[in-house]
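Be aware that the sequence shown starts at 1196, since it is given in my numbering, and climbs by one per residue.
The beta-carbon is built from N, C-alpha and C at its ideal position, and this holds for glycine as well.
On a predicted model such as this, the values are computed, not experimentally measured, just so you know.
Report on one structure; see the data block that follows.
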Amino acid sequence: MFSKILVANRGEIALRIIRACHDLGIEAVAVYSEADRGAPWLDVADQSICIGPAVSSESYLKIPRIIAAAEVTGAQAIHPGYGFLSENSKFAEQCRASGIEFIGPPVEAMERLGNKDKSKTVAKAAKVPTVPGSDGLVHSEEEAKKFARAVGYPVLIKASAGGGGRGMRVARDEASLVAGFAQARAEAEAAFKDGSVFLEKYLDRPRHVEVQLLGDQYGHVIHLFERDCSLQRRHQKLVEESPSPRLPDAVRQEMCAAAVRLAQEAGYYNAGTCEFLVDQHNRFYFIEVNARIQVEHPVTELVTGVDLIREQIRIAAGEKLRYQQKDIVQRGHAIEVRINAEDPANDFRPSPGVVKTWRPPGGPGVRLDSHVCAGYRVPSNYDSMVAKLLVHQPTRDEAFAVMRRCLREFRVEGIHTTIPLLQTIFRNEAFIAGTVDTTFIERELMSPKG
Ligand code: MV4
1196 MFSKILVANR
1206 GEIALRIIRA
1216 CHDLGIEAVA
1226 VYSEADRGAP
1236 WLDVADQSIC
1246 IGPAVSSESY
1256 LKIPRIIAAA
1266 EVTGAQAIHP
1276 GYGFLSENSK
1286 FAEQCRASGI
1296 EFIGPPVEAM
1306 ERLGNKDKSK
1316 TVAKAAKVPT
1326 VPGSDGLVHS
1336 EEEAKKFARA
1346 VGYPVLIKAS
1356 AGGGGRGMRV
1366 ARDEASLVAG
1376 FAQARAEAEA
1386 AFKDGSVFLE
1396 KYLDRPRHVE
1406 VQLLGDQYGH
1416 VIHLFERDCS
1426 LQRRHQKLVE
1436 ESPSPRLPDA
1446 VRQEMCAAAV
1456 RLAQEAGYYN
1466 AGTCEFLVDQ
1476 HNRFYFIEVN
1486 ARIQVEHPVT
1496 ELVTGVDLIR
1506 EQIRIAAGEK
1516 LRYQQKDIVQ
1526 RGHAIEVRIN
1536 AEDPANDFRP
1546 SPGVVKTWRP
1556 PGGPGVRLDS
1566 HVCAGYRVPS
1576 NYDSMVAKLL
1586 VHQPTRDEAF
1596 AVMRRCLREF
1606 RVEGIHTTIP
1616 LLQTIFRNEA
1626 FIAGTVDTTF
1636 IERELMSPKG
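Shown next, in the form of structure tokens:
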């Protein structure tokens, strides 16, 4: 096992990883940018090193600085968290070249699954259902038209390197296909320096369900059931829960087994997530793999009792998986909400600044993952998430009741937060009934201009 790990991230996930290190008796080295100097999670680490200015490209994304920080502190491994360098295979490769263990999947699996059309090929090889599509990249307008005529409109143009909805266009007829094809390519080229796109049949009001995976370096892969992340706004998840409401158990079992097959096909190990879209007939289709730990991982930790960060570290150190599939059960119901420093009344404008009051909720079955305390200044340079609030209860109804109580109890002053929006969501009939899809927020909860 490692004796010292460098945490290449900030905020709540840095704190979460530092805590997991300490639980394993491992020292944790934190890195920080000038904007995060004096931040509260740095005190929890055993050591901290400044790696550059506020702008991420000069600090949290600067590979040579992070490797150098690991080298000078004698850290044997790096945990990348989520975002930043977490899915950068070049970073994983440079860790390997420097003799530092990257706490994540192997470089080869990252490359195999790193873009959407390649990962779809892997899915097909593993007999995992995929959305009917163009079977590879579409290079010309003519090819796009031919495909769309064959499968029928609407179709979705997707950037191969895409993420967060960027480089994605719905086309409902040939005119919008021609325009969307050019737009998607330009957007993907600008955002990812890779303008390649492919086409899929557009699914109407799908639900987003993802399967958590863990695999060791010896070919043993298990799933830890699913999370439903259908409640999103502009590709930002707001609420995640497990189990997925109204998902028939037979479909759940099939989807989880499919995710395991895909990971095995790709030679994947460590933690990862297989994302699916589920249509109104509960048919599921693979869309992409997230080759990292995700923001919403604690939902799975609550229902399964498995500490995913701890397992990531053990797996990276070469230990065998300590769970068999039969050991993993979904117990009760867990829900997570993301609390952002944004103003919902003002088009979700970021609301950085000093937190004057921070009085979080508590009680049985309540978990708060946050790096914030009273007096903390939320910087404007990074993601605006200030807390993840989770509840774990025997039933979904009880989880909702406790979440409503927690959202009422949570008092934050000095910055705006998304708490009022979350209060509205947890009073919404369709959400309570468990029938929401990925288009719900925009269709039902936002004013026409929102
Ligand atoms: C789709 C889709 C409908 N049909 N693919 C959005 C981001 C990317 N991860 C995949 N996405 C979608 N792919 C087909 N063929 C609808 C979406 C989608 C979506 C998916 C998951 C969560 C939220 C979403 C919001 C809008 C659209």
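Neighbour-count burial assignment, residue i, 16 or more Cβ in a 10 Å radius
i: residue 1377; result: exposed
i: residue 1550; result: buried
i: residue 1395; result: buried
i: residue 1211; result: buried
i: residue 1226; result: buried
i: residue 1524; result: exposed
i: residue 1432; result: buried
i: residue 1310; result: buried
i: residue 1633; result: buried
i: residue 1259; result: exposed
i: residue 1559; result: exposed
i: residue 1341; result: exposed
i: residue 1577; result: buried
i: residue 1329; result: buried
i: residue 1231; result: buried
i: residue 1695; result: Outside the displayed span of the chain (1196 to 1645) sits residue 1695, for which this structure offers no information.
Any non-hydrogen atom of ligand 1 within 7 Å of residue i CB
i: residue 1289; result: no
i: residue 1185; result: Because the chain spans 1196 through 1645 in this model, residue 1185 falls outside it and cannot be assessed.
i: residue 1440; result: no
i: residue 1397; result: yes
i: residue 1427; result: yes
i: residue 1360; result: yes
i: residue 1326; result: yes
i: residue 1483; result: yes
i: residue 1539; result: no
i: residue 1630; result: no
i: residue 1476; result: no
i: residue 1351; result: yes
i: residue 1472; result: yes
i: residue 1401; result: yes
i: residue 1590; result: no
i: residue 1430; result: yes
i: residue 1268; result: no
i: residue 1633; result: yes
Integer Cβ distance of residue i from residue j, believed to fall under 8 Å
i: residue 1199; j: residue 1224; result: 6 Å
i: residue 1440; j: residue 1591; result: 6 Å
i: residue 1272; j: residue 1298; result: 6 Å
i: residue 1222; j: residue 1241; result: 4 Å
i: residue 1568; j: residue 1324; result: Not quite, the Cβ-Cβ distance comes to about 46 Å (not below 8 Å), so this is no contact.
i: residue 1552; j: residue 1513; result: At roughly 46 Å, the Cβ-Cβ gap does not stay under 8 Å, so residue 1552 and residue 1513 are not in contact.
i: residue 1339; j: residue 1383; result: With a Cβ gap of about 14 Å, residue 1339 and residue 1383 do not count as contacting.
i: residue 1504; j: residue 1488; result: 7 Å
i: residue 1465; j: residue 1510; result: 5 Å
i: residue 1472; j: residue 1403; result: 6 Å
i: residue 1598; j: residue 1486; result: About 30 Å; that fails the 8 Å criterion.
i: residue 1398; j: residue 1474; result: 5 Å
i: residue 1405; j: residue 1316; result: Their Cβ separation, rounded to whole angstroms, is 20 Å, which puts residue 1405 and residue 1316 out of contact at 8 Å.
i: residue 1207; j: residue 1565; result: 5 Å
Whole-angstrom distance between residue j and residue i, CA atom to CA atom
i: residue 1493; j: residue 1561; result: 12 Å
i: residue 1344; j: residue 1366; result: 12 Å
i: residue 1463; j: residue 1301; result: 7 Å
i: residue 1470; j: residue 1293; result: 32 Å
i: residue 1629; j: residue 1575; result: 35 Å
i: residue 1580; j: residue 1337; result: 43 Å
i: residue 1220; j: residue 1261; result: 23 Å
i: residue 1548; j: residue 1573; result: 5 Å
i: residue 1333; j: residue 1312; result: 10 Å
i: residue 1563; j: residue 1611; result: 18 Å
i: residue 1281; j: residue 1248; result: 20 Å
i: residue 1533; j: residue 1583; result: 5 Å
i: residue 1238; j: residue 1291; result: 29 Å
i: residue 1537; j: residue 1454; result: 35 Å
i: residue 1605; j: residue 1413; result: 45 Å
i: residue 1434; j: residue 1627; result: 12 Å
i: residue 1556; j: residue 1587; result: 14 Å
i: residue 1373; j: residue 1347; result: 15 Å
Residue i Cβ short of 7 Å to ligand 3 heavy atom set
i: residue 1468; result: Ligand 3 is not part of the structure shown, which contains ligand 1 as its ligands.
task = Evaluate contact between the stretch 1472-1481 and the stretch 1439-1451, counting only Cβ atoms and requiring at least three cross-stretch pairs below 8 Å.
result = These segments touch.
inquiry  = Closer than 8 Å is the cut-off here; do at least three beta carbon pairs connect the stretch 1377-1397 with the stretch 1411-1420?
reply    = no
message = Does the structure place the stretch 1406-1415 close enough to the stretch 1616-1623 that three or more beta carbon pairs sit under 8 Å?
response = no
query = Any chance the stretch 1366-1381 sits against the stretch 1422-1430, with 3 or more Cβ pairs inside 8 Å?
reply = no
task = Answer yes if the stretch 1593-1600 comes into contact with the stretch 1524-1538, meaning at least three C-beta pairs across the two stretches below 8 Å, and no otherwise.
result = yes
task = Evaluate the contact criterion for the stretch 1313-1328 versus the stretch 1454-1462: three or more CB pairs, one atom per stretch, below 8 Å.
result = yes
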